[in-house]
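When the letters of the sequence shown are read in order and numbered with our numbering, they come out as residues 32 to 112.
Heads up, the beta-carbon is just placed ideally off N, CA and C, and yes, glycines get one too.
To start, the structure itself, in structure tokens.
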Amino acid sequence: MDISLISIGNSKGIRLSKTLIEKYNIQDTLELILEKGYIILKPKTSSRKGWEKSFKKMHENGDDKSLMADVFEDENLEEWN
Numbered sequence: 032m033d034i035s036l037i038s039i040g041n042s043k044g045i046r047l048s049k050t051l052i053e054k055y056n057i058q059d060t061l062e063l064i065l066e067k068g069y070i071i072l073k074p075k076t077s078s079r080k081g082w083e084k085s086f087k088k089m090h091e092n093g094d095d096k097s098l099m100a101d102v103f104e105d106e107n108l109e110e111w112n
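Structure follows, in structure tokens:
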């Protein structure tokens, strides 16, 4: 696919088609990778994408319970006062 550079002030930019934006789910940010003579544009995704949905499902299934007690029997909390 050939694309043309467009002027943006003193810089140049590229325009991505709506089809590409939708196909690759591009939101607001792209990661630019320079690798062996290539420029790679990669959609930037949130590192915690989908966590909220997963946590809700865990809660509904009762899988969000603590696996260990907050306070251990032999713990002396008075030393922290």
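Let me check one thing: in DSSP terms, what residues is residue i bridge-paired to?
{"i": "glycine 44", "result": "Ile37"}
{"i": "leucine 72", "result": "Leu63"}
Return yes when the Cβ of residue j is within less than 7 angstroms of the Cβ of residue i, no when it is not.
{"i": "glutamate 62", "j": "lysine 73", "result": "yes"}
{"i": "lysine 43", "j": "leucine 51", "result": "no"}
CB of residue i to nearest heavy atom of the ligand FAD: below 6 angstroms?
{"i": "arginine 46", "result": "What this structure holds is no ligand at all, so the ligand FAD is not there to describe."}
Select from the options the residue whose C-alpha is nearest the C-alpha of residue i.
{"i": "tyrosine 116", "options": "Lys75, Glu104 and Ser97", "result": "The structure shown has nothing for residue 116, since the chain only spans 32 to 112."}
List the whole-angstrom C-beta distance separating residue i from residue j, where the pair is believed to meet the contact cut-off of C-beta under 8 angstroms.
{"i": "arginine 46", "j": "isoleucine 34", "result": "7 angstroms"}
Taking the alpha-carbon positions, what's the residue i to residue j distance?
{"i": "isoleucine 71", "j": "serine 77", "result": "18 angstroms"}
{"i": "methionine 99", "j": "glutamate 106", "result": "14 angstroms"}
{"i": "threonine 60", "j": "glutamate 53", "result": "14 angstroms"}
{"i": "tryptophan 82", "j": "asparagine 92", "result": "15 angstroms"}
{"i": "asparagine 41", "j": "methionine 32", "result": "25 angstroms"}
{"i": "serine 38", "j": "phenylalanine 86", "result": "45 angstroms"}
{"i": "glutamate 66", "j": "glutamate 110", "result": "55 angstroms"}
{"i": "lysine 88", "j": "phenylalanine 103", "result": "29 angstroms"}
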